[in-house]
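A short worksheet on the structure shown next.
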Amino acid sequence: MKPYRPKLHPTLTPTDKAVEIAGWVTLSLFWCYILLSYKTLPEVIPTHFGAGGKADGFVDKTTVFGLPAISTVLYVGLTVLNRFPQLYNFAVEITPENALRQYTIATRMIRWLKLGIVVLFAVIAYSTIAVADTKTPQLSEWFFPITMAVTFGVVGYFLTKSILKA
Numbered sequence: 002m003k004p005y006r007p008k009l010h011p012t013l014t015p016t017d018k019a020v021e022i023a024g025w026v027t028l029s030l031f032w033c034y035i036l037l038s039y040k041t042l043p044e045v046i047p048t049h050f051g052a053g054g055k056a057d058g059f060v061d062k063t064t065v066f067g068l069p070a071i072s073t074v075l076y077v078g079l080t081v082l083n084r085f086p087q088l089y090n091f092a093v094e095i096t097p098e099n100a101l102r103q104y105t106i107a108t109r110m111i112r113w114l115k116l117g118i119v120v121l122f123a124v125i126a127y128s129t130i131a132v133a134d135t136k137t138p139q140l141s142e143w144f145f146p147i148t149m150a151v152t153f154g155v156v157g158y159f160l161t162k163s164i165l166k167a
């Protein structure tokens, strides 16, 4: 049986609000970019890039809508989930004394991850379209390492903060 956790809602700071707004704006611009770019795409576009950035999978251009669709589902799903931090798994025991602090850290991490997901997917879509338009066969070799560093950096930062502030 899961232990009782208080149902608290952390107050958003101006930075939290700015990150939320940035996420929604980025998601909206992402969709606009895809819709505006679609008509000029060739019929076959790259959809998969190996770790070195070389395109190794190609499909019909309609799949370009997959990335904004997936990022929208993830963004909205994580936005809803962020309203219920008492359901999360935590690295520390949640007590009435630390619940608000831990919930604040966890919801902030989700907020930054949401923004990161949208930016990452938008960069992938932009790169896919750029490769398709220019026939350049690869992404930057730095794309994968930077993606991993940013993703694990955000999680590591907030997890460390959570443990140290327990």
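For the working numbering, count along the sequence shown from 1 and bump the result up by 1.
Positions of the beta carbon are idealized from the N, C-alpha and C atoms, including for glycine.
Query                                                                                                                                                                        : Result
Could you spell out where the beta strand (DSSP E) holding F50 opens and where it closes?                                                                                    : 45–50
Is DSSP giving V26 helix, strand or coil here?                                                                                                                               : helix
Which residues in the same chain as V60 place their Cβ atom closer than 8 Å to its Cβ, once the five residues preceding and following it in sequence are excluded?           : V45, I46, T48
Quick check on DSSP: helix, strand or coil for K162?                                                                                                                         : helix
Is T96 buried or exposed, if buried means 16 or more other CB atoms sit within 10 Å of its CB?                                                                               : exposed
When DSSP builds the beta bridges, which residues end up paired with D61?                                                                                                    : V45
Less than 8 Å separating the beta-carbons of P11 and Y104?                                                                                                                   : yes
In the DSSP assignment, what residue or residues form a beta bridge with K40?                                                                                                : K40 pairs with nothing; no bridge assigned.
Can you tell me where the alpha helix (DSSP H) holding R109 begins and where it ends?                                                                                        : 100–135
Would you say the stretch 31–40 touches the stretch 81–91, given that touching needs at least three Cβ pairs under 8 Å?                                                      : no
How many angstroms separate the CA atom of L75 from the CA atom of E98?                                                                                                      : 31 Å
Between which two residues does the alpha helix (DSSP H) containing I71 stretch?                                                                                             : 67–82
Give me, in chain order, the residues of the same chain whose beta-carbon lies closer than 7 Å to that of L101; leave out the 5 immediate sequence neighbours on both sides. : L9, P11
Would you check if the distance between the CB atom of I71 and the CB atom of F144 is smaller than 8 Å?                                                                      : no
With DSSP collapsed to three states, give me the class of A150.                                                                                                              : helix
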